[in-house]
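These protein sequence lines are chains A and B, in that order. Read left to right, the first sequence gives residues 1 to 116 (our numbering). Read left to right, the second sequence gives residues 117 to 227 (our numbering). C-beta: ideal position from N, C-alpha, C; glycine also. Predicted model only: the values in this text are computed from it and were never measured. Okay, so here's the structure we're looking at.
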Amino acid sequence: DVKVTQSSRYLVKRTGEKVFLECVQDMDHENMFWYRQDPGLGLRLIYFSYDVKMKEKGDIPEGYSVSREKKERFSLILESASTNQTSMYLCASSPGTGGSINEKLFFGSGTQLSVL
Amino acid sequence: ILNVEQSPQSLHVQEGDSTNFTCSFPSSNFYALHWYRWETAKSPEALFVMTLNGDEKKKGRISATLNTKEGYSYLYIKGSQPEDSATYLCASKTSYDKVIFGPGTSLSVIP
Numbered sequence: 001d002v003k004v005t006q007s008s009r010y011l012v013k014r015t016g017e018k019v020f021l022e023c024v025q026d027m028d029h030e031n032m033f034w035y036r037q038d039p040g041l042g043l044r045l046i047y048f049s050y051d052v053k054m055k056e057k058g059d060i061p062e063g064y065s066v067s068r069e070k071k072e073r074f075s076l077i078l079e080s081a082s083t084n085q086t087s088m089y090l091c092a093s094s095p096g097t098g099g100s101i102n103e104k105l106f107f108g109s110g111t112q113l114s115v116l
Numbered sequence: 117i118l119n120v121e122q123s124p125q126s127l128h129v130q131e132g133d134s135t136n137f138t139c140s141f142p143s144s145n146f147y148a149l150h151w152y153r154w155e156t157a158k159s160p161e162a163l164f165v166m167t168l169n170g171d172e173k174k175k176g177r178i179s180a181t182l183n184t185k186e187g188y189s190y191l192y193i194k195g196s197q198p199e200d201s202a203t204y205l206c207a208s209k210t211s212y213d214k215v216i217f218g219p220g221t222s223l224s225v226i227p
């Protein structure tokens, strides 16, 4: 089974801190994604990556950056955390093989980030 | 941004009841419709990926249908069990790299 591992389940940070959220997948997937989940809203895409060192902005990239130096690892960076970035963050991956429309996403279990 | 809507927002049913909920999505630029189950403290897990109008998928007591012309999908759970309690997410894939999620339906099955 594919495993997507997020480094922390809960994280508490202070306003202005630089925050790193790490995600690792073990199935050689090409595509990786970062979403945030807020009550009453669907998962919203922050950034995604098709390949090492490649990144694309999602729907809400402001205040975030990403890094993909190795295929299995995709990091989300909050350059200067703010209270409105308190949220559940989910990492996901998909195979990316030939652009199959049947591809499903494989998710990590999420990181609940609180910014005080 | 295209909107994906789900109803109801939350649902409480008794064990043994059958239930269903709805996902509405824009019918233009349709690639695929995903259903995921997200149990508390676990990872969202894919239930179904459907691509063709009229598709019906089944997994145990859970089934789903798809109408791409009118832009809706139904998820059915027959004989709900407490372990079915979860948030059910649907998502519309509108291009190779774009998946838009709905807000989810939270299901609680009361023993």
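Going along chain A in order, which residues have a C-beta closer than 7 Å to the C-beta of residue i?
i	result
B/S202	Looking at the sequence provided, one finds Ala at residue 202 of chain B rather than Ser. In chain order: nothing, as chain A lies at least about 13 Å away.
B/V120	G42
B/P219	G40, L41, G42
In terms of residue numbering, what span does the beta strand (DSSP E) encompassing residue i cover?
i	result
B/T167	B/T167 -> no beta strand (DSSP E), and no H or E assigned at all.
B/L205	202–211
A/Q112	111–115
A/M88	87–94
B/H128	126–130
B/Y192	188–193
A/E17	Careful: A/E17 lies outside any beta strand (DSSP E) and carries neither H nor E.
Starting from residue i, find everything on chain B with Cβ-Cβ shorter than 7 Å and list it in chain order.
i	result
A/N102	A148, V165, T167
Note down, in chain order, every chain B residue with its Cβ under 9 Å from the Cβ of residue i.
i	result
A/L105	H150, Y152, P160, A162, A207, V215
A/L116	Those do not exist, as A/L116 stays about 23 Å from chain B at its closest Cβ, beyond 9 Å.
Quick one: list the residues of chain B neighbouring residue i, beta-carbon separation under 8 Å, in chain order.
i	result
A/V4	S159
A/G16	Near A/G16 there are no residues of chain B at all, since even the closest Cβ is about 29 Å away, more than 8 Å.
A/F48	D213
A/G108	S159
Helix, strand or coil: how does DSSP classify residue i here?
i	result
B/V215	strand
B/E161	strand
A/N84	helix
A/E22	strand
B/E199	helix
A/N102	coil
B/I117	Unreliable positioning characterises B/I117 in this predicted model, as indicated by a pLDDT of 46, which lies under 50. The coordinate reading is nonetheless provided below. In this structure, B/I117 counts as coil in the three-state DSSP scheme.
A/L41	coil
Are the beta-carbon atoms belonging to residue i and residue j less than 8 Å from one another?
i	j	result
A/K53	A/R68	yes
B/L163	B/Y147	no
B/G218	B/A207	yes
A/Q25	A/V4	yes
A/S87	A/F20	no
B/Q122	B/G220	yes
Quick check: the region 122–133 of chain B against the region 62–80 of chain A, are there 3 or more CB pairs under 8 Å? Taking 8 Å as the limit for Cβ pairs, the verdict is that the region 62–80 of chain A does not touch the region 122–133 of chain B.
Check whether the region 3–17 of chain A and the region 56–71 of chain A touch, using three or more Cβ-Cβ pairs below 8 Å as the test. As far as the Cβ criterion goes, the region 3–17 of chain A does not touch the region 56–71 of chain A, which means the pair count is below three.
Does the contact criterion of 3 or more C-beta pairs under 8 Å hold for the region 167–180 of chain B versus the region 103–113 of chain A? no
Are the region 186–195 of chain B and the region 28–36 of chain A touching by the rule of at least three beta carbon pairs closer than 8 Å? no
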